[in-house]
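Worksheet: the structure to be examined is printed underneath.
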Amino acid sequence: MTNFDLGQTSITTEKLTTESGEIILLDKYNFVFEACTDNNNFDTYGGKKLLKLDNETLFAELLILRLLERQGYKGVWVDTYRNKFWQRLPHVSFPVIPDRKILDIYEKIYEQKGGRKSGCFDIVAYKDNHFIFVELKKKKEDSIRQTQIEWLKTALTQNLENPTFIIAEWSL
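Start counting the sequence shown at 273; every next residue gets the next number (our numbering).
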């Protein structure tokens, strides 16, 4: 696996088990983010923590997207709950239509997986022909769901050129 310097404090390994008992090992990047202390009065998607990066207020998903963009990646936050794609906070933008490369792989995985459109990792991004998929988890408050493991299992069967799948665990 290729390790990226995204400002993480460390990289560990996460062991995931599929419903059929297969083991998948993923890199887990550990981050410490800066909380936003500004007085914000907008929908935070059910209480998502607001974070700061370079004076921009962001959800954790968008913060990771910004870190990838700094390295030349193009991507989106996949909001599976509301079935939307974002590149900025919802209160200051509209959902986006991902570019064709992202949409093609997103749809291909779900077509092969079948069933509901759930489980997709939070961030789908690419640079040239390299795709990176990032699932964010707040330390001690969130864990990988079985739908995400099953999505990952399907995503790993795609004919992508050396894709990267990581878990980004964050704290304040």
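For glycine and all other residues, C-beta sits at the position ideal for the given N, C-alpha and C.
Residue 403 beta carbon less than 8 angstroms from that of residue 438: no
I need the boundaries of the alpha helix (DSSP H) containing residue 345, first residue and last residue. Here residue 345 belongs to no alpha helix (DSSP H), and DSSP marks it neither H nor E.
Contact defined as beta carbons within less than 8 angstroms: I believe residue 279 pairs with residue 339. What is the distance between those atoms, to the nearest angstrom? Rounded, the Cβ-Cβ distance is 6 angstroms, consistent with contact.
Residue 312 to residue 324 span [Cα, whole Å]: 12 angstroms
Using a 10 Å radius around the Cβ and a threshold of 16 neighbouring Cβ atoms, would you call residue 385 buried or exposed? It counts as buried.
C-beta contact flag for residue 371 and residue 346 at 8 angstroms: yes
Please list, in chain order, all residues of the same chain as residue 297 whose beta carbon is under 8 angstroms from its beta carbon, the five residues on each side excluded. 285, 286, 287, 288
Opening and closing residue of the alpha helix (DSSP H) in which residue 382 lies: 372 to 385
Note the first and the last residue of the continuous beta strand (DSSP E) segment covering residue 425. Per DSSP, residue 425 belongs to no beta strand (DSSP E); it is in the alpha helix (DSSP H), 418 to 427.
Please determine, among 365, 343, 416, 443, the residue with the shortest C-alpha to C-alpha distance to residue 262. A query on residue 262 cannot be resolved here, the shown segment of the chain reaching from 273 to 444 and no further.
When the Cα atoms are used, what is the spatial distance from residue 293 to residue 304? 32 angstroms
Reference residue 434; option with closest CA among 405, 422, 421, 412: 405
Between residue 425 and residue 322, what straight-line distance do the alpha-carbon atoms span, to the nearest angstrom? 31 angstroms
According to DSSP, simplified to helix, strand and coil, what is residue 337? helix
If you draw a straight line from the alpha carbon of residue 422 to that of residue 352, how long is it in whole angstroms? Whole-angstrom Cα-Cα distance: 15 angstroms.
Candidates 331, 431, 412, 430, of which the one nearest residue 306 by Cα: 331
The beta strand (DSSP E) that contains residue 437, what's its start and end? 436 to 443
With a CB to CB cut of under 6 angstroms and the five nearest residues on each side skipped, what residues in its chain are close to residue 401? 433
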